[in-house]
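Below: one structure, written as structure tokens.
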Ligand SMILES: [Cu+2]
């Protein structure tokens, strides 16, 4: 988590804004008196008065002030200045908008005469839902109606996709051509045994991919896929990650595998910028990495997550090793890659291992009967955990969040032998692995045993021969 707060600056700023607003009103009142405007019709007033300019600024994902009371009969302009670290714009429901403004930039939004209450917001994905909305309320005589009888323009909040989410059969009959290989390459080691330095470039892009059943899913990515690449190393290894933002808005990265002050490496960078994030792996685990730009739930749900695996020192050799990063899919409304309404209600349309629902149900993983299989599991969320289960098998080794729960059937706490486990339970952002064999030839499903989640796509198959 990396969030910025500047409460003192914000308070001081609001006071300045309040004073500016009061001053503006006083000036208008004087203008009215001097020019005898009170005797004129509204159209005469708007024709004779220069537009009134109101100042609005953005800081910490907040517009200030967020309510503007404007005279109903005079043309209104908003002078918008962005003091935030992220880019913002201001779009009115009448359709007028400013360009996307970087830190320190200003632009004028020309609203004309505002005769009924009006809303304006930042159109960067997720920002309006995070609270970046202002109201412009006309006061006094209006051209068409009095403010007491004016009907506010209600926004249509139910702009969800109207179509029904296809079921599993549709995905199986019409699968995506996007496939993420879940096979985990072995950890790299130096012959000298000394720690390695891993140099990695992660480029952020924003695109659409087919996920099957004719569904196109907008995603924000690390390196173009529906899940970021899995990085793997040993304790003591150094990771030098260059993050490049080739997207259209601010993004960032937060490695849970790092142990450092988040301020600089986890900062948001603007389109076209890059940063270098260095860390040394200090503790074993399968650690989440994710974009931590506000609103974080949306950036993660849009696909900005992945895994760093740091091998425990006593990890044994296995025949097959896979990684499954589980996440929710909230199919979009009109103006963002993710349905914010469904996201906030934690009501996903689909679930996925490695970003594509049902992909290992479509293309099962082939293993040999009796061979030893390890599956690393990470619950990327952004909201839900998992209860990972392999139908027909039992785990004799399970490891989660820094320790073995069972190793070769032995309980490390009591030392008792012959134990087994049916699921590995992980909360959001937790990770671990399970080890097992498949006793005879057959098709063994692996699922999130929160069953609706399996039916929604957190399901795959092992084919044992
Ligand atoms: Cu992002």
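In UniProt numbering, the protein residues as written are 1 to 465.
Using N, Cα and C, we set each Cβ at its ideal position, and we do this for glycine too.
Keep in mind it's a predicted model, so treat the numbers as computed, not measured.
Terminal residues of the continuous beta strand (DSSP E) containing residue 298?
Run containing residue 298: none in the beta strand (DSSP E); it sits in the alpha helix (DSSP H), 296–301.
Neighbourhood of ligand 2 [Cβ distance below 6 Å to any heavy atom], ordered by chain position
Ligand 2 is absent from the structure shown, which contains only ligand 1.
So for residue 259, helix, strand or coil by DSSP?
coil
Tell me the start and end of each unbroken beta strand (DSSP E) in the segment 343–411 that is at least 3 residues and wholly inside, in chain order.
350–353, 365–367, 372–381, 386–390, 397–400, 403–406
Please report the distance separating the alpha-carbon of residue 287 from that of residue 102.
33 Å
Please say whether residue 356 and residue 167 have beta carbons closer to each other than 9 Å?
no
Leaving out five residues on either side along the sequence, give the residues of the same chain with a beta carbon under 6 Å from the beta carbon of residue 421.
395, 398, 406
Give the C-beta separation of residue 251 and residue 235 to the nearest angstrom, bearing in mind that I take them to be a contact with Cβ-Cβ under 8 Å.
Incorrect: roughly 29 Å between the Cβ atoms, too far for contact.
Just tell me which of 57, 416, 107 has its CA closest to the CA of residue 83.
57
Per DSSP, what are the beta-bridge partners of residue 328 in this structure?
351
Where the beta strand (DSSP E) containing residue 217 begins and where it ends
216–222
Is the number of C-beta pairs between the segment 241–256 and the segment 182–197 that are closer than 8 Å three or more?
no
If you reduce the DSSP assignment to three classes, tell me which class residue 452 lands in.
helix
Within 9 Å, strictly: CB atoms of residue 248 and residue 298
no
Can you have a look at residue 259 and say buried or exposed, based on whether 16 or more other CB atoms are within 10 angstroms of its CB?
exposed
As assigned by DSSP and simplified to three states, the class of residue 52
strand
Coarse secondary structure for residue 129, derived from DSSP in three states
coil
For residue 340, which of helix, strand or coil comes out of DSSP?
helix
Span of the beta strand (DSSP E) around residue 479:
Outside the displayed range of the chain (1 to 465) lies residue 479, so it cannot be described from this structure.
Taking DSSP as the reference, what is the three-state secondary structure of residue 173?
helix
Rounded straight-line distance, which links the Cα of residue 64 to that of residue 262:
27 Å
I believe residue 388 touches residue 365 by the beta-carbon criterion, under 8 Å. Please report the beta-carbon distance rounded to the nearest angstrom.
About 14 Å; that fails the 8 Å criterion.
Distance check for residue 188 and residue 449, CA to CA, integer angstroms please.
33 Å
Member of 283, 227, 220 whose CA lies at the smallest distance from the CA of residue 237
283
Could you check which residue in 272, 280, 293, 118 has the C-alpha nearest to that of residue 266?
293
Output the distance between the C-alpha atoms of residue 463 and residue 301, rounded to the nearest integer angstrom.
30 Å
Does residue 462 come out as helix, strand or coil in the three-state DSSP assignment?
strand
Chain-order list of residues whose beta-carbon lies under 6 Å from that of residue 404 (same chain, five-residue window excluded):
412
So what does residue 288 bridge to, in DSSP terms?
307
Below 8 Å on the Cβ atoms is my contact criterion, and I expect residue 354 with residue 459 to pass it. Report the Cβ-Cβ distance as a whole number of Å.
Residue 354 to residue 459, Cβ: 12 Å. No contact.
Residue 455 to residue 329 span [Cα, whole Å]
13 Å
Residue 156 to residue 230, Cα distance in whole Å?
Residue confidence is low: residue 156 scores 40 on pLDDT, short of 50, so the model does not pin down where it sits. No coordinate-derived value is stated.
CA-CA distance, residue 415 and residue 382?
36 Å
Measuring only the C-alpha atoms, how far is residue 66 from residue 114?
16 Å
Tell me whether the beta-carbon of residue 224 lies closer than 9 Å to the beta-carbon of residue 358.
no
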